[in-house]
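Worksheet: one structure, shown below.
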Amino acid sequence: MTAWRLDAVLRSVKRLGVCGLLVGAAACSSSPEVELPEPAWRADDARFAVHVVDTAADGPAGVEAADMDGDGDLDLVVNFFGDRPDDAGPIEFPPGGITVYRNDGDLASWTKVSILTRADGNYFLNEAVPEDLDEDGDFDLLVSAGFFVCEFNPEIGPCGALFWLEQTGDGWVRHDIVEPGTVEFFHRVLLADIDGDGLHDLVTVGETVDDAYAQWYPGSAGGTGFEATPHLIGQGGGSLPVIHDIDGDGDLDLASGEFFLAGNSFVWFEQVETPSAARPAGEWQRHVIDATLGRTIQLAAIPDLLGEGTVGWIGSNHVNNVSRDPEPLSGIYLLTPPGDPRQPWEPKLISDGIVSRPIEGINFQAAPGVFWWGDVDDDGDIDLTVSGDGDPRVFWFEQTEVGEFRQHALRTEFGQAAGGLVADLDGNGDSEVVFTSYDTGEVLIFDYRPEG
Numbered sequence: 013m014t015a016w017r018l019d020a021v022l023r024s025v026k027r028l029g030v031c032g033l034l035v036g037a038a039a040c041s042s043s044p045e046v047e048l049p050e051p052a053w054r055a056d057d058a059r060f061a062v063h064v065v066d067t068a069a070d071g072p073a074g075v076e077a078a079d080m081d082g083d084g085d086l087d088l089v090v091n092f093f094g095d096r097p098d099d100a101g102p103i104e105f106p107p108g109g110i111t112v113y114r115n116d117g118d119l120a121s122w123t124k125v126s127i128l129t130r131a132d133g134n135y136f137l138n139e140a141v142p143e144d145l146d147e148d149g150d151f152d153l154l155v156s157a158g159f160f161v162c163e164f165n166p167e168i169g170p171c172g173a174l175f176w177l178e179q180t181g182d183g184w185v186r187h188d189i190v191e192p193g194t195v196e197f198f199h200r201v202l203l204a205d206i207d208g209d210g211l212h213d214l215v216t217v218g219e220t221v222d223d224a225y226a227q228w229y230p231g232s233a234g235g236t237g238f239e240a241t242p243h244l245i246g247q248g249g250g251s252l253p254v255i256h257d258i259d260g261d262g263d264l265d266l267a268s269g270e271f272f273l274a275g276n277s278f279v280w281f282e283q284v285e286t287p288s289a290a291r292p293a294g295e296w297q298r299h300v301i302d303a304t305l306g307r308t309i310q311l312a313a314i315p316d317l318l319g320e321g322t323v324g325w326i327g328s329n330h331v332n333n334v335s336r337d338p339e340p341l342s343g344i345y346l347l348t349p350p351g352d353p354r355q356p357w358e359p360k361l362i363s364d365g366i367v368s369r370p371i372e373g374i375n376f377q378a379a380p381g382v383f384w385w386g387d388v389d390d391d392g393d394i395d396l397t398v399s400g401d402g403d404p405r406v407f408w409f410e411q412t413e414v415g416e417f418r419q420h421a422l423r424t425e426f427g428q429a430a431g432g433l434v435a436d437l438d439g440n441g442d443s444e445v446v447f448t449s450y451d452t453g454e455v456l457i458f459d460y461r462p463e464g
């Protein structure tokens, strides 16, 4: 075991952006609904009011928004890792869960409905993305799970999994894509029609402690299943891939940051040949976007970021500048592709002073974390929301002119945060921001109100 591998094993599992273990149509448990009324207060940026969704969530680690109950407004879907006791060992951790917070008509009123709980025995539920997979008019949940530390706990073992939860009139039914217990783990899975057959395919990156492979799972007849064996796109990529036609040739490519596979920061895979009977996986060519920014956590192609009709690329590295040998400067970067996107892209630092806390003992820290985007201040352009992760602050980046951003702290002490979701939750035409905090157990809405 290398020194880095040993260090990785001893990380805190309080970071990084889901029912029983039966295969196929296993019914998932749920718990009673709980009302969660709470007052609001002001954020550290006084232009924002804060509304409480939950203050005692069980290690929340991400949030999505969709009309889960079909009543016309947006609900919140939160995935949980499970809160670890302070005296837990480095490989001791609880199962996680998924909860829907139903929107009861205003930002201060939510009803908590558990979809998966600790009793269902799922570890590291990394994302639960609402998608209508069976095309029956309601939202199902597409779930990616696992982390490498599971394999070092003999009572748990490898915990990687991909599955979807079908919303039915009688509750939720689980369908496994990758059966639980794989060494590979998954942080995000995307829907796209890669082979042009009209069916949903799945695109993801399977990761291990020191490697990663981008891959896709063809959809099967009927539209709700997926082939059990994936097609390989290529070695590399990482936690949060994105699908986009990067070279403008009309087909879909894949781009990603890289964390577990060392050596490069951001990469993309060019689809050079469409999948066919002769080449079922298609043909893909890997290109390095940047190799100078260290390990990274997220890359995103953001529509209209630099003006209407444009696509802007934002990336977040995930490094520690205070506890290790010198690493690249931690921050949020605007990445500009050249005329030939196969050549290295130009990175521009747009953040200011986002720095991780020191690593103390086994508690790994790195910054920044994940980000989101949307018109936060209702001025017609696209802003960014950012988790500091190892930096305990959460931010919004106000776009003051095209490609220029002013950084503001929404909350200066929020622990290891996720989310940053930007969505119009109250239906009034402007957007709110939702962050979750693993450390504090909070799910909070930040509502821009510049005039009080």
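With this note's numbering applied, the sequence shown covers 13 to 464. Note that beta-carbon positions come from the ideal geometry of N, C-alpha and C, so glycine has one too. Quick caveat: nothing in here was measured; it's all calculated off a predicted structure.
{"Query": "The beta strand (DSSP E) enclosing Phe407, as first and last residue numbers", "Result": "Val406 to Glu413"}
{"Query": "Per DSSP, cross-strand counterpart(s) of Trp184", "Result": "Gln179"}
{"Query": "DSSP state of Arg307 mapped onto helix, strand, coil", "Result": "coil"}
{"Query": "Contacts around Gly453, its chain only, beta-carbon distance under 8 Å, and the 5 residues preceding and following it disregarded", "Result": "Asp66, Thr67, Ala68, Ala69, Asp70, Gly71, Pro72 and Asp95"}
{"Query": "Anticipated Cβ contact below 8 Å, Thr216 with Leu174, distance rounded", "Result": "7 Å"}
{"Query": "Range of the contiguous beta strand (DSSP E) that encloses Gln247", "Result": "His243 to Gln247"}
{"Query": "Alpha-carbon to alpha-carbon, Phe383 and Gly432", "Result": "6 Å"}
{"Query": "Spatially closest choice to Leu211 from Ala233, Val185, Val190 and Pro192, by CA coordinates", "Result": "Ala233"}
{"Query": "Coil, strand or helix - Val161 by DSSP", "Result": "helix"}
{"Query": "CB of Tyr229 within 9 Å of CB of Asp213, strictly", "Result": "yes"}
{"Query": "First and last residue of the uninterrupted beta strand (DSSP E) at Tyr345", "Result": "Ile344 to Thr348"}
{"Query": "As assigned by DSSP and simplified to three states, the class of Arg423", "Result": "strand"}
{"Query": "Leu437 to Leu346 span [Cα, whole Å]", "Result": "28 Å"}
{"Query": "Sequence-distant residues of its chain with Cβ nearer than 7 Å to Gln283 (five each side left out)", "Result": "Asp263, Leu264, Asp265, Gly294 and Trp296"}
{"Query": "Residue nearest to Glu444 in terms of C-alpha spacing, selected from Phe278, Val62 and Ala58", "Result": "Val62"}
{"Query": "Distance between Glu413 and Leu422 (C-alpha atoms, nearest Å)", "Result": "21 Å"}
{"Query": "Length of the line joining the Cα atoms of Asp390 and Arg461", "Result": "10 Å"}
{"Query": "Beta carbon of His299 nearer than 9 Å to that of Arg354", "Result": "yes"}
{"Query": "Residues near Asp451 by beta carbon distance below 6 Å, same chain, minus five either side", "Result": "Gly427 and Gln428"}
{"Query": "Residues that Pro72 bridges to, as DSSP identifies them", "Result": "Phe92"}
{"Query": "Same chain, Cβ closer than 6 Å to Glu358, neighbours up to 5 away in sequence not counted", "Result": "Thr348"}
{"Query": "Beta-carbon spacing of Phe407, Ile366 below 9 Å", "Result": "yes"}
{"Query": "Integer Cβ distance of Pro340 from Thr304, believed to fall under 8 Å", "Result": "6 Å"}
{"Query": "Among Gly246, Gly231 and Gln247, nearest to Ala240 - alpha-carbon criterion", "Result": "Gly231"}
{"Query": "Top-ranked residue by Cα proximity to Ile394, from Ala435, Ile371, Pro170 and Ser368", "Result": "Ala435"}
{"Query": "Closest residue to Val369 among Ala157, Asp352, Glu76 and Pro404 (Cα-Cα distance)", "Result": "The identity of residue 369 in the sequence shown is Arg, whereas the question assumes Val. Taking only the C-alpha atoms, the option nearest Arg369 is Pro404."}
{"Query": "Cutoff 6 Å; reference Val446; Cβ partners in own chain excluding five residues on either side", "Result": "Val75, Gly431, Leu433 and Ile457"}
{"Query": "Contacting residues, own chain, Cβ-Cβ under 8 Å from Gly202 (five flanking each side not counted)", "Result": "Correcting the residue identity first, residue 202 is Leu in this sequence and not Gly. Once the five neighbours on either side are set aside, the close Cβ partners of Leu202 are Leu214, Val215, Thr216, Pro253, Val254 and Ile255."}
{"Query": "Local Cβ density within 10 Å of Val35, reported as buried at 16 or more and exposed below that", "Result": "Model confidence at Val35 stands at a pLDDT of 27, short of 50, so the residue's coordinates are unreliable and nothing is read from them."}
{"Query": "Extent of the continuous beta strand (DSSP E) to which Pro142 belongs", "Result": "Leu137 to Glu143"}
{"Query": "First and last residue of the uninterrupted beta strand (DSSP E) at Asn329", "Result": "Val323 to Asn329"}
{"Query": "N- and C-terminal bounds of the beta strand (DSSP E) containing His63", "Result": "Phe60 to Asp66"}
{"Query": "Where Arg186 falls, given that 16 or more other Cβ within 10 Å makes a residue buried", "Result": "buried"}
{"Query": "Backbone CA spacing between His1 and Ser156 [nearest angstrom]", "Result": "What is shown of the chain runs 13 to 464, which leaves residue 1 out entirely."}
{"Query": "Three-state secondary structure assigned by DSSP to Arg130", "Result": "helix"}
{"Query": "Nearest candidate by alpha-carbon position, reference Gly269, set Ala100, Phe281, Pro102 and Gly237", "Result": "Phe281"}
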